[in-house]
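To keep things clear, I will list the structure first and then write my remarks on it.
There are 2 protein chains.
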Amino acid sequence: MSSAVEPPAPSPTRARRERTPHPAPQTIAVVGFGNFGQFLGATFAAQGHRVVGCSRGDYADAAAAIGCEYVRDANALLDTKPDVVVLCTSIMSLSSVLARFPVDRLAGRLVVDVLSVKEYPKGMLLEVLPESADILCTHPMFGPESANVSWAGLPFVYDVVRLNSAPRVHVIGKQRCETFLDIWRLEGCTMVEMECRVHDEYAASTQFITHTTGRMLAELDVKTTPINTRGYESLLGVVDNTTKDSFDLYYGLYRYNANARAVLDKLETGLSALRAKLEAAERDERSKQ
Amino acid sequence: MSSAVEPPAPSPTRARRERTPHPAPQTIAVVGFGNFGQFLGATFAAQGHRVVGCSRGDYADAAAAIGCEYVRDANALLDTKPDVVVLCTSIMSLSSVLARFPVDRLAGRLVVDVLSVKEYPKGMLLEVLPESADILCTHPMFGPESANVSWAGLPFVYDVVRLNSAPRVHVIGKQRCETFLDIWRLEGCTMVEMECRVHDEYAASTQFITHTTGRMLAELDVKTTPINTRGYESLLGVVDNTTKDSFDLYYGLYRYNANARAVLDKLETGLSALRAKLEAAERDERSKQ
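Quick note, the sequences are listed as chains X and U, same order.
Position 22 (the first sequence) corresponds to 33 in the working numbering; numbering is contiguous.
Position 70 (the second sequence) corresponds to 81 in the working numbering; numbering is contiguous.
Okay, here's the thing in structure tokens:
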């Protein structure tokens, strides 16, 4: 740990806070150390884990400020012999990051993804990782915006996709996975164990609908007025939150969730059906006049 | 006032509460004594006004329970010599209610409407009322669901459309109108003086958008899931609130607000534009592979 390093003035969102120390600290490699990687890394480190970030950019100062180490080379990262490797790339870049990663060196480790879609990384990790790598697919349903102060009560969805079945190794791997899950339990997350397929069905009906609605309304350039209703205020909140996220994330939710297209179809059909009802009522009214 | 009448056990939403007494009580006729008419009448009466409801149905008991009188005949209503006649019909029935109302007997009175669209009743009242009737068009932007406990801070939109210009009469009419507006000021409403035309522009961009979004999502049969995001919870709230209102109200917002069709067009265009952006990003991604 970089406890010997005097951290530069941390930004308020990255400030180290007192956390319940984790009873069994791990060495955790974080691949992709952007906004979300740092957000997770800060809490891992605050629990007492050794956290080593790795990205192509220079995040050494940012890492030091939150009690993490930092390297720019994947082999240097793996030289730290991490128990767990957390992939914190965007949906869009997962494939290219893995293509240039020394995946053979992930043999015997626990590999975790944290993407907002789940079937896609599950399939890819099963395809490219060595058979002895354990796989845990997760979706922490919060981020720096929504969980700056605390993760308590926020949903952490996970699916233990693969544990090495060799008898003695299996017990150790299972324990390592539980130890990693304890991080989220310690923070008070609502733990939701759910198959990747089921996650994607729910996520299309919730997260993707919400982002689509927010972005549809943003296309209309909706604004606050002197006569906002409470319902309208709620919609303005949704527009604000969804447009704060990048278009790339939204595109990822669409492109890499097999259910998203059907939801988009249903929204279009729903809006048309509603208009048809209004127009039918209008014809009905006119026919009575 | 029916203070001699022992009210039957009032429902919780209609219970008489202590209110600041109005300094200049008026006699207020309420035409249309359904849910919304009773909601307003209860507060008028609690402030010390004499309130006389009138509808085709039998609401005598409901009226007594909230300190109001009740008649079923428009002539009997006008025999009470009301200072103010508040039209509490639905948007859809305004025209037919006025067609069978002895409108000539509204001469010299203040006539108020409370509909969620404003240009439509303004035009109709200017057309059918005697010239000596004053006209106040209003939109209390709340109802029994959203303002059961208090009206404080909720928007009351109004437009003094016409005051009889005869010199002495004008002063009296203006005072009568201010006295009526004091009802809403006493309850702590946010008073928003706004032309009917401007109201309808804002309302199409806020209230109609909100109802359309809620009803579009209701067409998809959206439900709570184990992995709701906060934004999705907001949308579920909007669906719940907008579908509690009748389809007739929604249809009225569409049919009798000249800006509603354009908003519906914009929503359809917004959704198509969003889909086009996703599909363009998809083509772009594939062309790079």
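Ideal placement from N, C-alpha and C gives every residue a C-beta, glycine not left out.
Remember, predicted model here, so these are calculated numbers, not experimental data.
As assigned by DSSP and simplified to three states, the class of residue i
i	result
residue 148 of chain U	strand
residue 233 of chain X	coil
residue 166 of chain U	strand
residue 83 of chain U	coil
residue 282 of chain X	helix
residue 250 of chain U	helix
residue 156 of chain U	coil
residue 78 of chain X	coil
residue 17 of chain X	Reliability of the predicted coordinates at residue 17 of chain X is poor, the pLDDT of 39 falling under 50, and the value obtained from them is presented with this limitation in mind. DSSP places residue 17 of chain X in coil when its eight states are reduced to three.
residue 22 of chain U	Summary for residue 22 of chain U: the model assigns pLDDT 44, below 50, so the residue's position carries little reliability, and this model does not support an answer.
residue 217 of chain X	helix
residue 173 of chain U	strand
residue 61 of chain U	strand
residue 69 of chain U	coil
is_contact[residue i, chain X] using C-beta, thresh 8 Å
i	result
residue 246 of chain U	yes
residue 231 of chain U	yes
residue 202 of chain U	no
residue 66 of chain U	no
residue 225 of chain U	yes
residue 154 of chain U	no
residue 302 of chain U	Chain U is shown only over 12 to 300; residue 302 of chain U falls outside these bounds and no answer can be derived.
residue 27 of chain U	In this prediction, residue 27 of chain U has a pLDDT of 49, which is less than 50 and means its spatial position is unreliable; what the coordinates show is noted afterwards. No - not a single Cβ of chain X is within 8 Å of the one on residue 27 of chain U.
residue 216 of chain U	yes
residue 149 of chain U	no
residue 183 of chain U	no
residue 139 of chain U	no
residue 159 of chain U	no
residue 239 of chain U	yes
Beta carbon proximity, residue i to chain U, threshold 8 Å
i	result
residue 126 of chain X	no
residue 144 of chain X	no
residue 132 of chain X	no
residue 252 of chain X	yes
residue 46 of chain X	no
residue 221 of chain X	yes
residue 298 of chain X	no
residue 242 of chain X	yes
residue 213 of chain X	yes
residue 236 of chain X	yes
residue 196 of chain X	no
residue 265 of chain X	yes
For residue j and residue i, the rounded distance between their alpha carbons
i	j	result
residue 126 of chain U	residue 178 of chain U	30 Å
residue 173 of chain U	residue 40 of chain U	19 Å
residue 293 of chain X	residue 100 of chain X	51 Å
residue 283 of chain U	residue 208 of chain X	28 Å
residue 242 of chain X	residue 182 of chain U	40 Å
residue 75 of chain X	residue 247 of chain U	42 Å
residue 240 of chain X	residue 213 of chain U	11 Å
residue 288 of chain U	residue 252 of chain X	19 Å
residue 162 of chain X	residue 151 of chain X	9 Å
residue 234 of chain U	residue 217 of chain U	24 Å
residue 171 of chain U	residue 254 of chain X	40 Å
residue 89 of chain X	residue 279 of chain U	51 Å
residue 38 of chain X	residue 52 of chain X	11 Å
residue 45 of chain U	residue 66 of chain U	8 Å
residue 21 of chain X	residue 200 of chain X	Here the model assigns residue 21 of chain X a pLDDT of 41, short of 50, so the residue's position is not dependable, and the following value carries that caveat. C-alpha separation (whole angstroms): 25 Å.
residue 114 of chain X	residue 270 of chain U	58 Å
residue 50 of chain U	residue 165 of chain U	15 Å
residue 189 of chain U	residue 95 of chain U	12 Å
residue 108 of chain U	residue 221 of chain X	42 Å
residue 266 of chain X	residue 202 of chain U	48 Å
residue 145 of chain U	residue 295 of chain X	34 Å
residue 281 of chain X	residue 168 of chain X	29 Å
residue 111 of chain U	residue 148 of chain U	21 Å
residue 85 of chain U	residue 256 of chain U	28 Å
Against chain U: residues of the stretch 271-294 of chain X by CB proximity under 7 Å: 275, 277, 278, 279, 281, 282, 284, 285, 286, 289, 292 and 293
Stretch pair the stretch 100-119 of chain U + the stretch 133-151 of chain U: three plus CB contacts closer than 8 Å: yes
Stretch pair the stretch 228-237 of chain X + the stretch 51-64 of chain X: three plus CB contacts closer than 8 Å: no
At least 3 beta-carbon pairs within less than 8 Å: the stretch 192-208 of chain U vs the stretch 32-46 of chain U: yes
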